[in-house]
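Residue numbering for the sequence shown follows our numbering, starting at 38 and increasing by one per position.
For every residue, glycine included, the Cβ atom is placed at its ideal position computed from N, Cα and C.
Quick caveat, the model's predicted, so the values are computed rather than measured.
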Amino acid sequence: MFRKLVLASVIPAALSAQQPTPPPIPSGTFKPITLAEALKYARENNLAATTTENAIRLANNQIRTTRAQLYIPNLDFSLGQGISAGDRIGQSGTLVGYTPVWSYNSGLSAGMTLFDGGKTFADLRARRADVQNQEASRVSTFAGLEYNIKSQYNNVLAANEAESAARSQLELANQNLAVTVARVNAGAANVADSLASVVTVGNAQLAILTAQQSIRSASANLTRYVSTPYLVTAYPADTADLARTPIDSGAVMALAANGPQIRQYQAQLTAAQATQRSARSAYLPTLTANMGFTGSGTHNAYGFGGSQPYPYSRSLSFRASYPIFNKWQRENQIQSAEISADNAEAQLKDAQLQNQATVITALGLIRNAEAQLRIQQISIRASEEALRVNQLRYQIGSGTFVDVLTAQNNLVNARGQLISARLAYRNARAQIEQVIGRDLP
Numbered sequence: 038m039f040r041k042l043v044l045a046s047v048i049p050a051a052l053s054a055q056q057p058t059p060p061p062i063p064s065g066t067f068k069p070i071t072l073a074e075a076l077k078y079a080r081e082n083n084l085a086a087t088t089t090e091n092a093i094r095l096a097n098n099q100i101r102t103t104r105a106q107l108y109i110p111n112l113d114f115s116l117g118q119g120i121s122a123g124d125r126i127g128q129s130g131t132l133v134g135y136t137p138v139w140s141y142n143s144g145l146s147a148g149m150t151l152f153d154g155g156k157t158f159a160d161l162r163a164r165r166a167d168v169q170n171q172e173a174s175r176v177s178t179f180a181g182l183e184y185n186i187k188s189q190y191n192n193v194l195a196a197n198e199a200e201s202a203a204r205s206q207l208e209l210a211n212q213n214l215a216v217t218v219a220r221v222n223a224g225a226a227n228v229a230d231s232l233a234s235v236v237t238v239g240n241a242q243l244a245i246l247t248a249q250q251s252i253r254s255a256s257a258n259l260t261r262y263v264s265t266p267y268l269v270t271a272y273p274a275d276t277a278d279l280a281r282t283p284i285d286s287g288a289v290m291a292l293a294a295n296g297p298q299i300r301q302y303q304a305q306l307t308a309a310q311a312t313q314r315s316a317r318s319a320y321l322p323t324l325t326a327n328m329g330f331t332g333s334g335t336h337n338a339y340g341f342g343g344s345q346p347y348p349y350s351r352s353l354s355f356r357a358s359y360p361i362f363n364k365w366q367r368e369n370q371i372q373s374a375e376i377s378a379d380n381a382e383a384q385l386k387d388a389q390l391q392n393q394a395t396v397i398t399a400l401g402l403i404r405n406a407e408a409q410l411r412i413q414q415i416s417i418r419a420s421e422e423a424l425r426v427n428q429l430r431y432q433i434g435s436g437t438f439v440d441v442l443t444a445q446n447n448l449v450n451a452r453g454q455l456i457s458a459r460l461a462y463r464n465a466r467a468q469i470e471q472v473i474g475r476d477l478p
């Protein structure tokens with residue numbers, strides 16, 4: 038009688054645990070794309086891609102402006118007209134009225150700096166270095182963007198693997214639940230075995246839900262980086278094991294020494310050094326030339342018609358200037374330029390060391406992940422065999438359900454560690470590719 042009461046309480050729990058398995062995420066919600074497609078869409082649509090391209094355009098405009106300062110004079114044209122009325126003071130100090138007349142004037146002037154101590158040449162070199170800096174920044178930005186895309190893509194792949202592993206876990210849990218319920222009904226097992234089976238079924242269903250949430254989250258982040266008007270996700274078929282090719286660490290280190298970020302800091306250093314040279318030009322005089330052609334007259338619309346004369350004048354002037362003392366502004370500008378150059382040089386050195394450390398660390402992670410992949414694949418086969426043996430022993434009554442649960446947990450952990458090893462391997466490769474600015478073979 039007691040056993041029937043216990044079974045009456047266990048069976049509803051077991052049945053509630055065997056609710057329909059959470060279905061896979063509908064394929065229409067997220068559009069699967071390949072990694073190559075994700076990178077292509079990001080280059081076309083991402084915010085960073087747009088801003089870096091515009092930064093290059095602005096830097097090129099600065100080159101045009103600086104070159105014009107060197108080779109092209111300023112050219113101004115002016116027109117004016119006015120009328121005056123009222124009284125004037127005569128020779129005897131009395132007020133004398135005068136007839137209002139329109140006066141006209143026009144002028145054309147040009148000015149050019151002939152010598153500025155080499156400042157414009159230094160500025161031109163600095164602006165060209167700015168363009169190189171922005172172009173290197175574009176490569177560095179794209180490398181970082183590609184790393185973010187690859188990371189999220191890898192997260193989707195890992196979540197897909199986790200969902201597949203959780204569904205296998207649920208299938209095993211349901212099999213064990215059926216066995217334990219049958220053994221409890223036959224009086225060959227206690228109720229605790231059925232309750233433990235119910236818990237394992239629930240945990241497997243929760244693992245599926247967790248994996249699906251990870252897929253949604255990673256896919257949403259991937260969509261943001263790809264910047265498509267629709268949701269995207271990784272191809273589930275890409276969860277297959279990678280074909281691991283050997284990596285030449287020496288070649289990778291050489292590429293890292295001239296990676297996108299290194300080239301960016303090198304361009305910044307070149308620009309800072311040119312700015313330093315520009316600041317030092319203040320110790321030399323500046324020579325400018327100005328030319329003018331002007332005319333003015335009254336009762337004569339800019340010299341067209343009428344009888345009043347409209348005289349024209351021509352002028353040519355040269356001017357040399359030299360700041361003897363300007364309250365240390367010149368000295369402060371030179372020191373600021375020197376400080377900027379020192380900082381740029383320090384940043385370049387630090388970036389080289391950072392790239393070196395990143396590559397060394399990532400190469401170590403890749404080797405560790407490769408070893409873990411080999412071990413975990415063997416561990417999964419061993420765990421599957423151990424689970425099979427413990428299930429048979431439990432079914433014939435020579436083993437306990439605790440042994441079955443232990444073997445099942447070992448299998449779940451082995452699968453999880455295999456998924457983590459694959460994710461670590463993919464992310465480490467993506468990190469190296471970010472540093473060197475190209476894909477590994």
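{"Check": "Between which two residues does the alpha helix (DSSP H) holding F158 run?", "Outcome": "156-222"}
{"Check": "For R480, list the residues DSSP reports as bridge partners.", "Outcome": "Outside the shown range of the chain (38 to 478) lies residue 480, about which nothing can therefore be said."}
{"Check": "Going straight from the alpha carbon of Q428 to that of S416, what length do you get?", "Outcome": "18 Å"}
{"Check": "For Y349, which residues does DSSP report across the bridge?", "Outcome": "G332"}
{"Check": "Can you tell me the Cα-Cα spacing of T270 and K156, whole angstroms?", "Outcome": "53 Å"}
{"Check": "Would you please state the rounded distance, in angstroms, between the beta carbons of Q23 and R164? I believe it to be under 8 Å.", "Outcome": "As displayed, the chain neither begins before 38 nor continues past 478, which places residue 23 out of reach and without an answer."}
{"Check": "Please specify which runs of the alpha helix (DSSP H), each continuous and at least 4 residues long, are wholly inside the stretch 62-103, giving them in chain order.", "Outcome": "72-82"}
{"Check": "Should I361 be labelled buried (16 or more other beta-carbon atoms within 10 Å of its own) or exposed?", "Outcome": "exposed"}
{"Check": "Three Cβ pairs or more, each shorter than 8 Å: is that satisfied between the stretch 185-205 and the stretch 403-419?", "Outcome": "no"}
{"Check": "Given I473, which residues of its chain have a CB within under 6 Å of its CB, disregarding the five upstream and five downstream residues?", "Outcome": "L292, A293, G296"}
{"Check": "Keeping to the same chain, check which residues put their C-beta closer than 6 Å to that of Y302; ignore five residues upstream and five downstream.", "Outcome": "Q384, L385, A388"}
{"Check": "Any idea if Y190 is buried or exposed, counting beta-carbon neighbours within 10 angstroms, 16 or more meaning buried?", "Outcome": "buried"}
{"Check": "So if DSSP puts F114 in a beta bridge, which residue, or which two residues, is it bridged to?", "Outcome": "L145"}
{"Check": "Could you give the first and the last residue of the continuous alpha helix (DSSP H) run that contains T443?", "Outcome": "438-473"}
{"Check": "With a cut-off of 8 Å on the beta carbons, I'd call A304 and N392 a contact; round off their distance for me.", "Outcome": "Contact flag wrong, Cβ pair sits at about 16 Å."}
{"Check": "What's the C-alpha gap between A202 and L84?", "Outcome": "36 Å"}
{"Check": "By the DSSP assignment, the beta strand (DSSP E) with A271 in it spans what residues?", "Outcome": "269-271"}
{"Check": "In three-state DSSP terms, what is L259?", "Outcome": "helix"}
{"Check": "Counting Cβ pairs closer than 8 Å, one from the stretch 312-319 and one from the stretch 141-161, do we hit at least three?", "Outcome": "yes"}
{"Check": "Return the residue from the list A96, A75, Y347, N369 that minimises the CA-CA distance to Y272.", "Outcome": "A75"}
{"Check": "Give the DSSP-derived three-state secondary structure of L243 in the structure shown.", "Outcome": "helix"}
{"Check": "Taking C-beta to C-beta, are E375 and L306 nearer than 9 Å?", "Outcome": "no"}
{"Check": "So what does DSSP say about L151, is it helix, strand or coil?", "Outcome": "strand"}
{"Check": "Compute the Euclidean distance between the alpha carbons of I284 and N258, then round it to the nearest angstrom.", "Outcome": "30 Å"}
{"Check": "Any beta-carbon of chain D closer than 9 Å to the one on Y320?", "Outcome": "Of the protein chains in the structure, only one exists, and it is not chain D."}
{"Check": "Kindly identify the DSSP beta-bridge partner or partners of N295.", "Outcome": "According to DSSP, which records beta bridges pairwise, N295 is partnered with nothing at all."}
{"Check": "With DSSP run on the structure shown, which of helix, strand or coil describes I120?", "Outcome": "strand"}
{"Check": "Restricting to Cα atoms, I'd like to know which of A444, I412, Q413, Q414 is closest to V426.", "Outcome": "A444"}
{"Check": "How long is the line joining the alpha carbons of N111 and A326, rounded to whole angstroms?", "Outcome": "11 Å"}
{"Check": "State the Cα-Cα distance for the pair A122 and T150, rounded to the nearest angstrom.", "Outcome": "42 Å"}
{"Check": "Inspect the CB distances between the stretch 333-343 and the stretch 130-145 and report whether three or more fall short of 8 Å.", "Outcome": "yes"}
{"Check": "Is it true that the CB of S146 sits closer than 9 Å to the CB of G340?", "Outcome": "no"}
{"Check": "So is K187 buried or exposed if we call it buried at 16+ other beta carbons inside 10 Å?", "Outcome": "buried"}
{"Check": "Classify T136 as buried or exposed, calling it buried when 16 or more other Cβ atoms lie within 10 Å of its own Cβ.", "Outcome": "exposed"}
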